[in-house]
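Numbering (my numbering), first residue to last: 6 to 416.
Please read the structure below before turning to the comments.
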Amino acid sequence: MKTRFLSIVFSFLLILSVLYGCTEQKKDNDTISIEYDVNTLTSRFGFMHPDDFQDMTDLGIFWQRPHPGPFIWNEIETSQGVFNWDRCDKEVRNSQKYGVNIIATIWPFAEWDQSSCHSKITSSGGLIFDELGAYRQKPCDIALYKNFISKLVERYDGDGIDDMADLIVPIKYWEVSNEPSMQSDWLVFFIGPAQDYFDILNATYQGVKNADSNAMVVKGGMAGVMEDNTEFWDEVFDLGGDSYFDIGNIHSINSDSLAINGPEYKQFLKKHDIDKPFWITEVELGPLGKDISAEEEMADKMVTSFVIAFASGAEKIFHPGIMMKSGKEDTYYALKTIVDKIDYFSSVEKLSEGQYKFSIDTNVVYVLWGEGNITDEITGQIKTTDVSGIESIIYSDELILSSSPIFVEKI
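Given below as structure tokens:
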């Protein structure tokens with residue numbers, strides 16, 4: 006299973022490596038295109054390292070998760086006490102030009118630190134993301150690492166003290182590395198036992214909170230719910246790791262889950278008596294070992310899996326981004342429709358299998374699919390919207406459900 010999973014992840018990461026850095030390649034000036042709206046902090050949707058901020062915000066999405074991103078200890082503190090903020094500042098300025106919030110992944114690796122107590126990692130096929138360096142282990146000097154964290158968070162916290170010049174959109178969410186259980190051959194985000202990651206999580210949490218008590222710490226993403234991942238996190242939590250993050254984090258890369266690992270991760274947290282919100286910060290649709298090539302089927306799966314994941318407790322979902330090979334396709338319109346219809350929801354309720362109720366301000370939107378009869382709550386004249394965004398006005402007794410989800414609002 007692990008070998009099959011790694012092959013799927015490899016394909017996914019090749020896509021990500023193409024997408025990543027595109028925002029840095031664009032020669033943007035600092036002129037604000039979209040005024041920042043602080044309410045977007047509560048938006049439910051995000052992209053990973055968008056290719057084009059305009060395309061992303063046209064979809065109504067105002068969160069990004071740069072991956073791997075520029076928030077790398079070695080890239081910022083190039084030698085002890087010497088800081089270069091250029092790459093981070095560029096990322097933040099490009100993002101804030103469009104009013105986009107950032108969840109920043111902190112990579113705790115500085116070669117000048119790690120070389121004092123670790124050896125370089127060897128890999129037969131080369132390591133993913135060269136910019137992370139050739140060590141990728143627990144910092145040798147935790148005190149120096151915490152000092153770096155405090156300076157990093159202080160620069161982008163928006164309190165007016167030692168901030169980046171002209172900072173408009175502060176960074177309030179900090180992720181502690183990524184998939185630390187992935188330690189095989191080329192796919193190495195971290196090397197070390199659970200105890201070492203626990204120490205990093207602890208130090209990062211303290212450094213973040215010391216600089217900005219209002220900032221939120223997001224634990225590194227769990228690479229799935231397979232046993233080789235859960236065992237690592239079992240140890241982290243048994244050590245008390247749940248005390249050092251505010252938000253849980255799960256990924257779903259072509260998993261068999263009908264809900265991009267949302268319900269499964271909720272159960273995993275519950276097993277450890279952890280009652281905290283969680284985000285799904287990486288999503289690639291499609292079950293392991295199967296090919297979902299039909300755009301229409303993929304669009305339906307996107308909507309149903311996102312809906313069930315939200316109903317299971319996921320607060321935010323980050324899509325890798327829409328690649329438009331030949332113009333806007335079904336998945337583009339499906340994403341735009343679900344964002345238009347249920348973003349900023351305050352509550353979601355499962356009424357029955359394939360029938361969900363979202364409350365957004367004073368509005369209620371039902372998302373329905375399957376073969377059952379529609380809920381008794383829906384009567385009279387209604388507006389329906391299919392996954393492509395096409396609207397119709399009908400009476401409730403005319404509505405026939407199918408495998409393709411439909412959004413329903415009372416008139």
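The beta carbon of each residue, even a glycine, is placed where N, CA and C say it ideally should be.
Quick one: Cα of E116 to Cα of A139, how far?
Along the sequence shown, read from residue 1 onward, the residue named residue 116 stands at position 111. Along the sequence shown, read from residue 1 onward, the residue named residue 139 stands at position 134. Going by the C-alpha atoms only, they are around 8 Å apart.
Among G375, H256 and V174, which has the Cα closest to the Cα of G229?
For the purposes of this step, residue 229 is taken as residue 224 along the sequence shown, with counting starting at 1. The option with the nearest alpha carbon to G229 is H256.
Grab the span of the alpha helix (DSSP H) containing E184 for me, first residue to last.
Position 179 of the sequence shown, counting from 1, holds the residue named residue 184. Neither: E184 is in no alpha helix (DSSP H) and is coded neither H nor E.
Going by other Cβ atoms of all chains shown within 10 Å of its Cβ, with 16 needed for buried, is K346 buried or exposed?
The sequence position of residue 346 within the sequence shown is 341, counting from 1. By the 10 Å Cβ count, K346 comes out buried.
Might you give, ordered along the chain, the residues of its own chain that have their beta carbon closer than 7 Å to the beta carbon of G197, omitting 5 neighbours on each side?
Taking the first residue of the sequence shown as position 1, residue 197 is located at position 192. Closer than 7 Å at the Cβ level, and outside the excluded window around G197, lie Q142 and K143.
Does DSSP put A115 in a helix, in a strand, or in coil?
Residue numbering aside, residue 115 sits at position 110 when the sequence shown is read from its first letter. Three-state DSSP puts A115 in coil, outside helix and strand.
Compare the Cα-Cα distances from D305 to each of V372, T110 and K321 and report the closest residue.
In the sequence shown, counting from the first residue as 1, residue 305 sits at position 300. Answer by Cα proximity: V372.
What residue from M187, A220, K224 and V193 has the CA that sits closest to I205's CA?
The residue labelled residue 205 in the question sits at position 200 within the sequence shown. If we check each option's Cα against that of I205, K224 comes out closest.
Assuming contact is defined by CB atoms lying nearer than 8 Å, are F242 and T286 in contact in what I supplied?
Numbered from its first residue, the sequence shown carries residue 242 at position 237. Numbered from its first residue, the sequence shown carries residue 286 at position 281. No, the pair does not count as a contact, with Cβ atoms beyond the cut-off.
At which residues does the alpha helix (DSSP H) containing E159 begin and terminate?
Your numbering for residue 159 matches position 154 in the sequence shown. Following the DSSP letters along the chain, one finds E159 inside the alpha helix (DSSP H) bounded by residues I147 to R160.
Taking just the CA atoms, how far does H123 sit from I39?
Counted from its first residue, the sequence shown places residue 39 at position 34. Counted from its first residue, the sequence shown places residue 123 at position 118. Computed Cα separation, rounded: 46 Å.
How do the segment 181-190 and the segment 56-63 stand: do at least 3 beta-carbon pairs fall below 8 Å, yes or no?
no
Enumerate, from N- to C-terminal direction, the unbroken beta strand (DSSP E) stretches of 3 or more residues contained entirely within the segment 182-252.
221-224
Residues in its own chain within less than 6 Å of C27 by CB, not counting five upstream and five downstream?
Against the sequence shown, residue 27 aligns to sequence position 22. Here the model assigns C27 a pLDDT of 40, short of 50, so the residue's position is not dependable, and the following value carries that caveat. Closer than 6 Å at Cβ, skipping near neighbours: D56.
Nearest to I66 by alpha carbon, out of E376, V344, Q360 and S351?
Position 61 of the sequence shown holds residue 66. Nearest C-alpha to I66: V344.
Throw me the rounded Cβ distance for the V158 and V213 pair, which I believe falls under 8 Å.
Numbered from 1 along the sequence shown, position 153 holds the residue referred to as residue 158. Numbered from 1 along the sequence shown, position 208 holds the residue referred to as residue 213. Right, their Cβ atoms sit about 5 Å apart.
Sort G377, Q200, L290 and N368 by Cα distance to K388 and report the nearest one.
On the sequence shown, residue 388 is found 383 positions in, with the first residue counted as 1. The shortest Cα separation from K388 among G377, Q200, L290 and N368 belongs to N368.
In the DSSP assignment, the beta strand (DSSP E) including Y371 goes from what residue to what residue?
Here residue 371 refers to the residue found at position 366 of the sequence shown. It spans N368 to L373 - the beta strand (DSSP E) in which Y371 sits, taken as one unbroken run.
Would E438 and P75 be called neighbours here (beta carbons separated by less than 8 Å)?
Summary: the structure shown does not reach residue 438, with the chain confined to residues 6 through 416, and so no result is reported for it.
Is the CB-CB distance between Q390 and Q360 below 8 Å?
Reading the sequence shown from its first residue, position 385 is the one you call residue 390. Reading the sequence shown from its first residue, position 355 is the one you call residue 360. Reading the sequence as shown, one finds Thr at residue 390 and not Gln. Not a contact, by the Cβ cut-off of 8 Å.
Which residue's Cα is closest to the Cα of S310: I265, E289 and G104?
Position 305 of the sequence shown, counting from 1, holds the residue named residue 310. Out of I265, E289 and G104, I265 has the C-alpha closest to the C-alpha of S310.
Taking only runs that begin and end inside the segment 260-344, name each unbroken alpha helix (DSSP H) of 4 or more residues, in chain order.
267-276 and 300-317
How many Å lie between A299 and L290 at the Cα?
Within the sequence shown, numbered from 1, the residue matching residue 299 stands at position 294. Within the sequence shown, numbered from 1, the residue matching residue 290 stands at position 285. Straight-line Cα distance between these residues: approximately 12 Å.
Once the 5 residues before and after E376 are set aside, which same chain residues still bring their CB inside 7 Å of it?
In the sequence shown, counting from the first residue as 1, residue 376 sits at position 371. So the qualifying residues of the chain are L406.
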